[in-house]
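Student: Mind the numbering: the sequence shown is residues 62 to 253 in our numbering, read in order.
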Amino acid sequence: MQRELIRRPGATQRRNLAIVCAGDQSDHRTWFRPDAARNYDLMVVYYGSKSSNYGADADIYLARQGPKYALLHLVSRVYSKLLRSYDFIWCPDDDIAAEVGQVDQLFEIARAWDLEIAQPAISAGEMSFEALRQVPGSLLRFSPFVEVMCPLFRRDTFFRFSPMFPESRSGWGLDMVWSKHVPRRKIAIIDA
62 MQRELIRRPG ATQRRNLAIV CAGDQSDHRT WFRPDAARNY DLMVVYYGSK
112 SSNYGADADI YLARQGPKYA LLHLVSRVYS KLLRSYDFIW CPDDDIAAEV
162 GQVDQLFEIA RAWDLEIAQP AISAGEMSFE ALRQVPGSLL RFSPFVEVMC
212 PLFRRDTFFR FSPMFPESRS GWGLDMVWSK HVPRRKIAII DA
């Protein structure tokens, strides 16, 4: 299955971009409402095997097969000009649930604190690292790393690291490499 990039007609571009590589059971609909005031556009890269209607759930839609980080690498190369027009790029797994306002706030806090890499804290569900669990009452915590499940990158940082995305089929270990090349005060877990 190959399908060219489709952009929602009449849409005005926002400052930030969320890219989700979505399978058939994606939760990205929890943080996309086309009529909602948002500070981000949503790009869905559909990798599932069914006939998807996710084009209606995105500002930008593309169908390609492959694992998440290989697809992010492909998008960074083929659609570089488009991606470079955004300030921040968030790359969550498709099982992340959030509300539009929470995603807006994620981008605003990253901008206000001039972060290079960040991720939202996880409020519920399973996770590999307990340090990623949300701390009530906290705005953010500087961290030695963010996990590959939902990193947010400043545009220049995204493009600095995107050449290494296909080096790990699952994404495993990429987060540890990123943290070695970004100052600790520029990496945060956003609790708010």
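Where a beta carbon is used, it is the ideal one built from N, C-alpha and C, also for glycine.
Remember, predicted model here, so these are calculated numbers, not experimental data.
Touch check for the segment 171-181 and the segment 85-96: three-plus C-beta pairs under 8 angstroms?
Tutor: Touching, no.
Student: Should ASP85 be labelled buried (16 or more other beta-carbon atoms within 10 Å of its own) or exposed?
Tutor: Exposed, by the Cβ-count rule.
Student: Report the CB separation of PRO224 from CYS152 in whole angstroms; it is logged as a contact under 8 angstroms.
Tutor: Contact doesn't hold; Cβ gap of about 15 angstroms is too wide.
Student: Which residue's Cα is closest to the Cα of MET188: ARG69, GLU160, ASP154?
Tutor: MET188 has its Cα closest to that of ASP154, out of ARG69, GLU160, ASP154.
Student: If you drop the 5 nearest sequence neighbours on each side, which residues of the same chain put their C-beta closer than 8 angstroms to that of ARG221?
Tutor: Correct list, in chain order: HIS242.
Student: Excluding five sequence neighbours on each side, which residues of the same chain lie with their C-beta closer than 6 angstroms to the C-beta of TYR130?
Tutor: Hits under 6 angstroms: PHE226, GLY232.
Student: In whole angstroms, what separates the C-alpha of TYR140 from that of PHE190?
Tutor: Looking at the two C-alpha atoms, the distance is approximately 33 angstroms.
Student: Going by Cα to Cα distance, which pick from SER204, VAL207, LEU193, ASN100 is closest to VAL161?
Tutor: When only C-alpha atoms are compared, the closest one is ASN100.
Student: Is the segment 242-252 touching the segment 189-205 in the sense that three or more CB pairs, one from each, lie closer than 8 angstroms?
Tutor: Cβ pair count under 8 angstroms is three or more, so yes.
Student: Whose CA, out of ARG90, GLN74, HIS134, ARG215, lies closest to the CA of LEU176?
Tutor: That would be ARG215, whose Cα lies nearest to the Cα of LEU176.
Student: Taking buried to mean at least 16 other C-beta atoms within 10 Å of its own C-beta, is ASP236 buried or exposed?
Tutor: The residue is buried, with at least 16 neighbouring Cβ atoms inside 10 Å.
Student: Could you check the C-alpha separation between LEU66 and ASP118 for me, to the nearest Å?
Tutor: Their backbone Cα atoms lie some 14 angstroms apart in a straight line.
Student: Between the beta-carbon of ARG198 and the beta-carbon of ASP252, is there less than 9 angstroms?
Tutor: The displayed chain sequence assigns Gly, not Arg, to residue 198. Taking 9 angstroms as the Cβ cut-off, GLY198 and ASP252 qualify as a contacting pair.
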